[in-house]
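FYI, in my numbering the residues of the sequence shown are 1 to 297.
Below is one structure, written out as structure tokens; the observations come after it.
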Amino acid sequence: MKDNFTSVVLGHLEYQLQVKKLKPLTVNDIRCSLRKVDRFCKAKGLQKDLWQLSLQEYIQWINWLQEQKQTAKSINKMLSHVRSLIDYAWQIEKVDRNVLDGFYLKEPETTAIYDQLTIEEAQNLVKAFGKISRTERRLRAVMLMLYGCGLRTLELCRLSVNDIDLDRQEVRVHGKGDKERVIPLSDPVFSELLVYLRDRNSKRGPLFRTEIKKTALGNKDVGDIVQMAVARAGLKKTITPRTLRHAFASHLLDQGVDIGVISMLMGHRSPSETGIYIHAQEKSLKAAVFKMTKESE
Numbered sequence: 001m002k003d004n005f006t007s008v009v010l011g012h013l014e015y016q017l018q019v020k021k022l023k024p025l026t027v028n029d030i031r032c033s034l035r036k037v038d039r040f041c042k043a044k045g046l047q048k049d050l051w052q053l054s055l056q057e058y059i060q061w062i063n064w065l066q067e068q069k070q071t072a073k074s075i076n077k078m079l080s081h082v083r084s085l086i087d088y089a090w091q092i093e094k095v096d097r098n099v100l101d102g103f104y105l106k107e108p109e110t111t112a113i114y115d116q117l118t119i120e121e122a123q124n125l126v127k128a129f130g131k132i133s134r135t136e137r138r139l140r141a142v143m144l145m146l147y148g149c150g151l152r153t154l155e156l157c158r159l160s161v162n163d164i165d166l167d168r169q170e171v172r173v174h175g176k177g178d179k180e181r182v183i184p185l186s187d188p189v190f191s192e193l194l195v196y197l198r199d200r201n202s203k204r205g206p207l208f209r210t211e212i213k214k215t216a217l218g219n220k221d222v223g224d225i226v227q228m229a230v231a232r233a234g235l236k237k238t239i240t241p242r243t244l245r246h247a248f249a250s251h252l253l254d255q256g257v258d259i260g261v262i263s264m265l266m267g268h269r270s271p272s273e274t275g276i277y278i279h280a281q282e283k284s285l286k287a288a289v290f291k292m293t294k295e296s297e
């Protein structure tokens, strides 16, 4: 659907892309947030530009989002996008103040509960796919990257062939907030990835593609692969791609790897997500991954 955005909104999006150097995916995320509030305003008959809305009118929008079961975290993300637009409007003298300045929803302090995986269980999930056929090797490589690198689903889907540094035995990961990090590939993971790349026989494009359309894997594709592995391994736990990421971190921690190193490998935005941050050098990162990953034969 085509957006009927004003020149100010379009200018703001262009500013984010060209000046702030945000990636197109992030700018599109901002566009989606602005589109949502714009549609709400039209539905409510509010004939105003987004930067002209009062705080009370934004609260009406927030209440509506909550009725739609949107989480506080999701709403705060959208508020951040709208707040950024109003800041831009203020800079070009379209508005006197930002009514959303400092306004956010308090997020509930909840701790996510994961089904824990032992190292043996995680390896059994990888072993669920064999090494004989190209299809099996492809599925196995997906599982190895999820568990052996602790990737988020979207990070795995975004990987391209060019993100694999064969000389340095590393993978460049495009994480949240357009932040990139480099993760060393252990010998077992790297050797199987080399076989997969040989099977794939292409030096460009998405690292992992769908079988038929040859497009990048999506979230559902990755989830389906994990569920196939769970079924084959006969595990009765609730396991998702996120479970494998969690296992990556917990198994490193169990083997005495510094929590600051784990934070870097996980690509956390703040040390509080994993614990106290301790700076680690490149050799520490490599030693950490090599210590945890064992060959799944």
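Beta carbons are placed, not taken as given, at the ideal position from N, Cα and C, and that holds for glycine.
Practice task
Apply the 10 Å Cβ neighbour rule to GLU211 and answer buried if 16 or more other Cβ atoms are within range, or exposed otherwise.
Solution key: On the sequence shown, residue 211 is found 211 positions in, with the first residue counted as 1. Label assigned to GLU211: exposed.
Exercise for the section: Compute the Euclidean distance between the alpha carbons of LEU185 and GLY223, then round it to the nearest angstrom. Expected result: Here residue 185 refers to the residue found at position 185 of the sequence shown. Here residue 223 refers to the residue found at position 223 of the sequence shown. When the Cα atoms are used, LEU185 and GLY223 turn out to be separated by approximately 23 Å.
Problem - Beta-carbon spacing of LYS23, ASP178 below 8 Å - result: Walking along the sequence shown from the start, residue 23 turns up at place 23. Walking along the sequence shown from the start, residue 178 turns up at place 178. LYS23 places its beta carbon less than 8 Å from that of ASP178.
Handout entry: Minimum C-alpha distance to GLN123 - residue among VAL189, MET78 and GLN16
Key = Your numbering for residue 123 matches position 123 in the sequence shown. Among VAL189, MET78 and GLN16, the Cα nearest to that of GLN123 belongs to VAL189.
Exercise for the section: Helix, strand or coil for GLU180, going by three-state DSSP, please let me know. Expected result: Within the sequence shown, residue 180 is the residue found at index 180, counting from 1. Annotated three-state conformation of GLU180 is strand, per DSSP.
Exercise for the section: Please confirm whether ALA247 and TYR196 have their CB atoms less than 8 Å apart. Expected result: Residue mapping note: residue 247 aligns to position 247 of the sequence shown, counting from 1. Residue mapping note: residue 196 aligns to position 196 of the sequence shown, counting from 1. Note that the C-beta distance between ALA247 and TYR196 is not below 8 Å.
Practice task
In the DSSP assignment, find the beta strand (DSSP E) that holds ARG172 and state where it starts and stops.
Solution key: Along the sequence shown, read from residue 1 onward, the residue named residue 172 stands at position 172. Counting along the chain, the beta strand (DSSP E) containing ARG172 begins and ends at 170 to 174.
Exercise for the section: Could you check how far apart the C-beta atoms of PHE103 and TRP64 are, in whole angstroms? I think they sit under 8 Å. Expected result: Within the sequence shown, residue 103 is the residue found at index 103, counting from 1. Within the sequence shown, residue 64 is the residue found at index 64, counting from 1. With a Cβ gap of about 16 Å, PHE103 and TRP64 do not count as contacting.
Problem - Assumed close pair VAL95, ALA89 - CB separation to whole angstroms, cut-off 8 Å - result: As a working note, residue 95 is residue 95 in the sequence shown. As a working note, residue 89 is residue 89 in the sequence shown. About 5 Å; that satisfies the 8 Å criterion.
Practice task
Enumerate in chain order the residues of its own chain whose CB-to-CB distance from GLU170 is below 7 Å, with the five nearest sequence positions on each side excluded.
Solution key: Start at 1 with the first residue of the sequence shown, and residue 170 comes out as number 170. Residues VAL182, ILE183, PRO184 and LEU185 of the same chain have their beta carbon placed closer than 7 Å to that of GLU170, with the five preceding and five following residues left out of the count.
Handout entry: Span of the alpha helix (DSSP H) around ARG35
Key = As a working mapping, residue 35 is identified with position 35 in the sequence shown. Looking at the DSSP string, the run of the alpha helix (DSSP H) that includes ARG35 is 24 to 43.
Practice task
Alpha carbon to alpha carbon, how far is PRO206 from LEU25? Give it in angstroms, no decimals.
Solution key: Locating residue 25 in the sequence shown gives position 25, where the first residue counts as 1. Locating residue 206 in the sequence shown gives position 206, where the first residue counts as 1. Cα to Cα, LEU25 sits roughly 16 Å from PRO206.
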